[in-house]
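Peer 1: Be aware that the sequence shown starts at 204, since it is given in our numbering, and climbs by one per residue.
No residue lacks a Cβ here, since even glycine has one placed at the ideal position from N, Cα and C.
Keep in mind it's a predicted model, so treat the numbers as computed, not measured.
Here it is, the structure, as structure tokens.
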Amino acid sequence: MTTTVRLAADKDSGVAVVTLDRPDRLNAIDLTMRDELQWVWRELRFDDSVRAVVLTGAGERAFCTGLDRDAVVPQPSSPYMADDPLLRVGPKSNDLWKPVIAAVTGMACGGAFYLLGESDFLVADPTAAFFDPHTTYGMVSAYESVLLAQRMPYGETARMMLMGTAERISAERAHAIGLVSELTAPGKALAAATECAAVLAGYPAEGVQGTVRALWAAREGAVAAGFAQAPHLVALGNLPGERQSELFAKRHKGFRTR
């Protein structure tokens, strides 16, 4: 039984809705949510009544704002064994090859891209806004950049990852550059994503899942190569935690939306 992730499966339609359920923390991922997401993806591998999945966030303010800054992540003393807490948080990294459609309302930033990067396509309403705060606070955006570089034109990915909190990509811009496949009316992203999932769930599962696997095969080589470099780049480029906290404490709310 989960406490930070809701799983609702409709046996008639074959669609499961996975909801990040920490709206008071903007659906930021703590270690409990990380573990529960891994459990959910693995459970869905064995549930043949579920043939398509929708991933969304509770509340109207955010889909997900990445790793909870209050999360304490134990690390080995060796620099060769750094642990990234979100590396196995997405469906593909848990060997789930059923289609996953993300329904985005509100902010999606930072570690949210581990989830969006492993979703098959995104549906968003006009409140959706995408940005990556890493550089602003003295951190390397490594894993997130690798995943987003597979979904967006290089220049758009580079600009979002490098500009940090100074800019946000609007739902309209995200749709124009292909990050979002459908832009819905306000409050309708979940319904639209669920409608698409129901269509996919109505097709023979073998063909759908094989297509999901083939699509990921076209990307996973680049992802694996990027991920192999990521720990070293993070170790070299990240400021010490206390310095990151200082920069975070001085954050200002001004940003440009484009």
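In this structure, does DSSP put R459 in helix, strand or coil?
Peer 2: In the structure shown, R459 sits in a strand (DSSP, three-state: E or B).
Peer 1: Can you check which of these residues, T339, N230 and L436, is closest to Y346 by C-alpha distance?
Peer 2: Out of T339, N230 and L436, L436 has the C-alpha closest to the C-alpha of Y346.
Peer 1: Which residue or residues does DSSP assign as beta-bridge partners of E385?
Peer 2: For E385, which the question treats as bridged, DSSP gives the partners V326.
Peer 1: Thinking C-alpha only, which one of A392, M342, V415 and V292 is nearest A305?
Peer 2: Residue A392 is the option with its Cα nearest to A305.
Peer 1: Let me check understanding here. Comparing Cα to Cα, which of S280, L290 and S281 lies closest to G269?
Peer 2: Of the candidates S280, L290 and S281, the one whose C-alpha sits nearest the C-alpha of G269 is L290.
Peer 1: Between which two residues does the alpha helix (DSSP H) harbouring L223 extend?
Peer 2: First-last for L223: V218 to L223, but that is the beta strand (DSSP E), not the alpha helix (DSSP H).
Peer 1: Measuring from the CB of L386, is there a heavy atom of the ligand ZN at a distance below 7 Å?
Peer 2: As far as ligands go, the structure on display features none, and thus does not contain the ligand ZN.
Peer 1: Looking only at C-alpha atoms, which of S296, R209, E385 and I232 sits nearest to G313?
Peer 2: Nearest option by C-alpha distance: I232.
Peer 1: Identify whether G410 lies in helix, strand or coil by the three-state DSSP scheme.
Peer 2: Three-state result, G410: helix.
Peer 1: Select from R228, T339, V275 and F324 the residue whose C-alpha is nearest the C-alpha of F310.
Peer 2: In the sequence as presented, Phe is not what sits at residue 310; that position holds Met. Taking only the C-alpha atoms, the option nearest M310 is R228.
Peer 1: So the beta strand (DSSP E) M310 belongs to, where does it begin and stop?
Peer 2: Run containing M310: M310 to C312, per the beta strand (DSSP E) assignment.
Peer 1: As a quick exercise: from E409, T368 and G390, pick the residue whose alpha carbon is nearest that of T308.
Peer 2: Residue G390 is the option with its Cα nearest to T308.
Peer 1: Which of the three DSSP states, helix, strand or coil, is assigned to A306?
Peer 2: Strand.
Peer 1: Report the option in R461, R264 and V303 whose CA atom is closest to the CA atom of T330.
Peer 2: Comparing Cα-Cα distances from T330 to each of R461, R264 and V303, the minimum goes to R264.
Peer 1: Residues in its own chain within less than 6 Å of Y340 by CB, not counting five upstream and five downstream?
Peer 2: Only Q447, L450 and F451 meet the Cβ criterion.
Peer 1: Hey, out of P279, V343, A285 and V243, whose CA is closest to N297's CA?
Peer 2: Answer by Cα proximity: V243.
Peer 1: Starting from G367, trace the beta strand (DSSP E) both ways and give me its first and last residue.
Peer 2: Counting along the chain, G367 falls outside any beta strand (DSSP E), and DSSP gives it neither H nor E.
Peer 1: Flag this pair as yes or no: are the beta carbons of V253 and A211 separated by less than 8 Å?
Peer 2: No, the pair does not count as a contact, with Cβ atoms beyond the cut-off.
Peer 1: Buried or exposed, going by whether 16 or more other CB atoms sit within 10 Å of the CB of K301?
Peer 2: Answer is buried; the Cβ neighbour count reaches 16.
Peer 1: May I ask you to list the residues that DSSP assigns as paired with L234?
Peer 2: Beta-bridge pairing links L234 to no other residue.
Peer 1: Indicate whether V303 and L240 have their beta-carbon atoms separated by less than 8 Å.
Peer 2: No.
Peer 1: Put T207 into one of helix, strand or coil per three-state DSSP.
Peer 2: If DSSP states are grouped into helix, strand and coil, T207 belongs with coil.
Peer 1: To the nearest whole angstrom, what separates the beta carbons of L350 and F324, a pair I think is in contact under 8 Å?
Peer 2: The Cβ separation is near 14 Å, so there is no contact.
Peer 1: Tell me whether V221 is buried or exposed, calling it buried when 16 or more other Cβ atoms sit within 10 Å of its Cβ.
Peer 2: Its Cβ being crowded by 16 or more others within 10 Å, V221 is buried.
Peer 1: Out of curiosity, what's the CA-to-CA distance linking D251 and K453?
Peer 2: C-alpha separation (whole angstroms): 49 Å.
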